[in-house]
């Protein structure tokens, strides 16, 4: 442990409510509140979404631009401000002017944008908005960024500082009120008091189950044991969801503070963060934040002279989907194969190394500091129906704006799509998938349903972690169900027969529905229809008899698509057609003799030798040999081949 400097002492003093002055903290606060800066500051979004969009190249170009023109300016890496389709995002704070934000600033746009900015001639095509401050001069004809529909439709509590500062910088986090809740807990509250506050807030687990967090904590606290553990589940397995990754990349210290409070509340001296091993940026940011928290003695021994001791260990998962289930996760941390265990006993009774263990999602834990700081009644003031607080959601797929948002519980899916995703009409959307691979696919007629755990459960819709993926008419719902079933089949741990064998059989049946049966015999046809008749009852058996949530919810993609898009199944089964044109093997290719020039290009490229005809004479396709690969359709320059 390093010796405390003046800055370290100030952090302790401010957390303990003592007065003090420190130039570095004052400067940090000024930057965060946009109060003063003597030279230009250029902020570049450096979360995963920004890196994928090219922010690293943009940063290098920014530095080179400033160097060539001998401009004294600072380049600062920040997190994601959440509209990921705007990346790379560059924000500039000139002395005396409002901070202004630009979207899609790839390296080739840096020169034009900065030349215009420094000469008061903005490139409006790339302007997102400005952060208004009464002490600074505004940019003319530039909207307040908080008035944009993407932001104004949100209720930002966890994300209120997203994209405003360097995520892993502990001084900047403390300057925004960070770690005050933790200091309040270990100096003013007993563990039982904290558990009661969280239970009174009625915070539901944000990992998908919706179980009352305070009840789980109280149950663990009441068990007498020499050792207890807290586990943060950051093993984000839901395809199409990037909530945990963005949350950690933007607010690692918020997560650490939530873990610290939870550990103190249940009497745990050790906590684990179980995170996906391919979340490279999130792991990097969280590792730096953990190191800073240790250096400033917010993790370790005798924290803030309170006598409290606890540690946090970062564990990288192997990426198995099943390890999102709490007992499989516990087995993985213990060095065992990541397979679920039967319950009871529940983890709060006998979990990691057979000691009482509480498993909470990363989003759940990030809600804790604000609940402690503001009280349970404040938390319950958010939420329109049965669930309270806010919910993080990610939006992906066929959408105008992809990104990461925070909404008030009870807001309808329609409001999310219109205000945040940017859809003016639901006619553009065919279906919405929510809840990950074992979630639900729903039609536009259900978009009016509020995002509320109980109401969605009543409609047999799983919220999961909150990942939303949108699909249009180019998506085949049967193929989509097959895609998710293949994923679940491959991710099954194999421990219980219903999941292991049932998901494999369901995938085979769905595959038979979507492939060509040109040479199918009578026995094969009978087997195919027999499978079709059995698949729904098979899905219900898997759901009723599987050991863990992976198996119990694995039939959801099929059952929900069958319920709401039954006509597509009938089309595939009886007509052997795919209206969306996705199922390749259900396509039939025909040559229009009046258009065919006999160039012979399609016959030469056909891998099945199914195209016959003399050169410069019309060709034709032997349907019994055609594999529906589509090569002929792609290479024909005369549009003489059609799909039926």
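In our numbering, the protein residues as written are 152 to 795.
We put the CB at the ideal spot given by N, CA and C, even for glycine.
Per-residue DSSP class, three states only, for residue i
{"i": "residue 663", "result": "helix"}
{"i": "residue 512", "result": "strand"}
{"i": "residue 227", "result": "strand"}
{"i": "residue 601", "result": "strand"}
{"i": "residue 313", "result": "coil"}
{"i": "residue 387", "result": "coil"}
{"i": "residue 592", "result": "strand"}
{"i": "residue 172", "result": "Any answer about residue 172 is weak, because its pLDDT of 49 lies below 50 and its placement is not dependable; what the coordinates show is given next. Coil at residue 172, not helix or strand."}
{"i": "residue 716", "result": "coil"}
{"i": "residue 733", "result": "coil"}
{"i": "residue 637", "result": "helix"}
{"i": "residue 518", "result": "helix"}
{"i": "residue 355", "result": "strand"}
{"i": "residue 341", "result": "coil"}
{"i": "residue 244", "result": "strand"}
{"i": "residue 282", "result": "strand"}
{"i": "residue 580", "result": "coil"}
{"i": "residue 288", "result": "strand"}
Among the options, the one whose alpha carbon lies nearest that of residue i
{"i": "residue 384", "options": "744, 248, 297, 517", "result": "517"}
{"i": "residue 480", "options": "596, 388, 434, 340", "result": "388"}
{"i": "residue 239", "options": "247, 619, 266, 202", "result": "202"}
{"i": "residue 361", "options": "511, 656, 693, 622", "result": "511"}
{"i": "residue 558", "options": "574, 550, 534, 711", "result": "534"}
{"i": "residue 411", "options": "494, 649, 542, 463", "result": "463"}
{"i": "residue 296", "options": "280, 310, 221, 586", "result": "280"}
{"i": "residue 663", "options": "477, 447, 680", "result": "680"}
{"i": "residue 596", "options": "716, 550, 587", "result": "716"}
{"i": "residue 189", "options": "222, 762, 381", "result": "222"}
{"i": "residue 494", "options": "699, 401, 503", "result": "699"}
{"i": "residue 725", "options": "683, 696, 759, 749", "result": "683"}
Whether residue i touches residue j by CB criterion (8 Å)
{"i": "residue 519", "j": "residue 425", "result": "no"}
{"i": "residue 545", "j": "residue 394", "result": "yes"}
{"i": "residue 254", "j": "residue 275", "result": "no"}
{"i": "residue 224", "j": "residue 251", "result": "no"}
{"i": "residue 449", "j": "residue 416", "result": "no"}
{"i": "residue 747", "j": "residue 770", "result": "yes"}
{"i": "residue 200", "j": "residue 313", "result": "no"}
{"i": "residue 661", "j": "residue 687", "result": "no"}
{"i": "residue 498", "j": "residue 374", "result": "no"}
{"i": "residue 342", "j": "residue 418", "result": "yes"}
{"i": "residue 321", "j": "residue 457", "result": "no"}
{"i": "residue 541", "j": "residue 309", "result": "yes"}
{"i": "residue 390", "j": "residue 587", "result": "yes"}
{"i": "residue 319", "j": "residue 436", "result": "yes"}
{"i": "residue 709", "j": "residue 731", "result": "no"}
{"i": "residue 581", "j": "residue 626", "result": "yes"}
{"i": "residue 624", "j": "residue 665", "result": "no"}
{"i": "residue 413", "j": "residue 465", "result": "no"}
beta-carbon residue i near the ligand PLP non-hydrogen atom, thresh 7 Å
{"i": "residue 779", "result": "Among the components modelled here there is no ligand, and therefore nothing to report on the ligand PLP."}
Buried/exposed call for residue i, threshold 16 Cβ in 10 Å
{"i": "residue 539", "result": "buried"}
{"i": "residue 488", "result": "exposed"}
{"i": "residue 572", "result": "buried"}
{"i": "residue 357", "result": "buried"}
{"i": "residue 469", "result": "exposed"}
{"i": "residue 244", "result": "buried"}
{"i": "residue 453", "result": "exposed"}
{"i": "residue 211", "result": "exposed"}
{"i": "residue 246", "result": "exposed"}
{"i": "residue 613", "result": "buried"}
{"i": "residue 605", "result": "exposed"}
{"i": "residue 632", "result": "buried"}
{"i": "residue 172", "result": "Its pLDDT being 49, under 50, residue 172 is placed unreliably by the model, and nothing is read from it."}
{"i": "residue 379", "result": "buried"}
{"i": "residue 249", "result": "buried"}
{"i": "residue 785", "result": "exposed"}
{"i": "residue 553", "result": "buried"}
{"i": "residue 702", "result": "buried"}
{"i": "residue 204", "result": "buried"}
{"i": "residue 640", "result": "buried"}
{"i": "residue 104", "result": "Outside the displayed span of the chain (152 to 795) sits residue 104, for which this structure offers no information."}
{"i": "residue 486", "result": "exposed"}
> Do the region 304-313 and the region 256-265 make contact, defined as three or more Cβ pairs closer than 8 Å?
Replying inline: no
>> Within 8 Å, do at least three Cβ pairs link the region 442-450 to the region 345-356?
In response: no
> Would the region 275-294 and the region 324-331 be scored as touching if the rule is three or more Cβ pairs under 8 Å?
Replying inline: no
> Would you call the region 722-742 and the region 650-658 in contact, with 3 or more CB pairs under 8 Å?
Replying inline: no
>> Is it the case that the region 778-792 contacts the region 716-736, given that we only count it when at least three CB pairs across the two stretches are under 8 Å?
In response: yes
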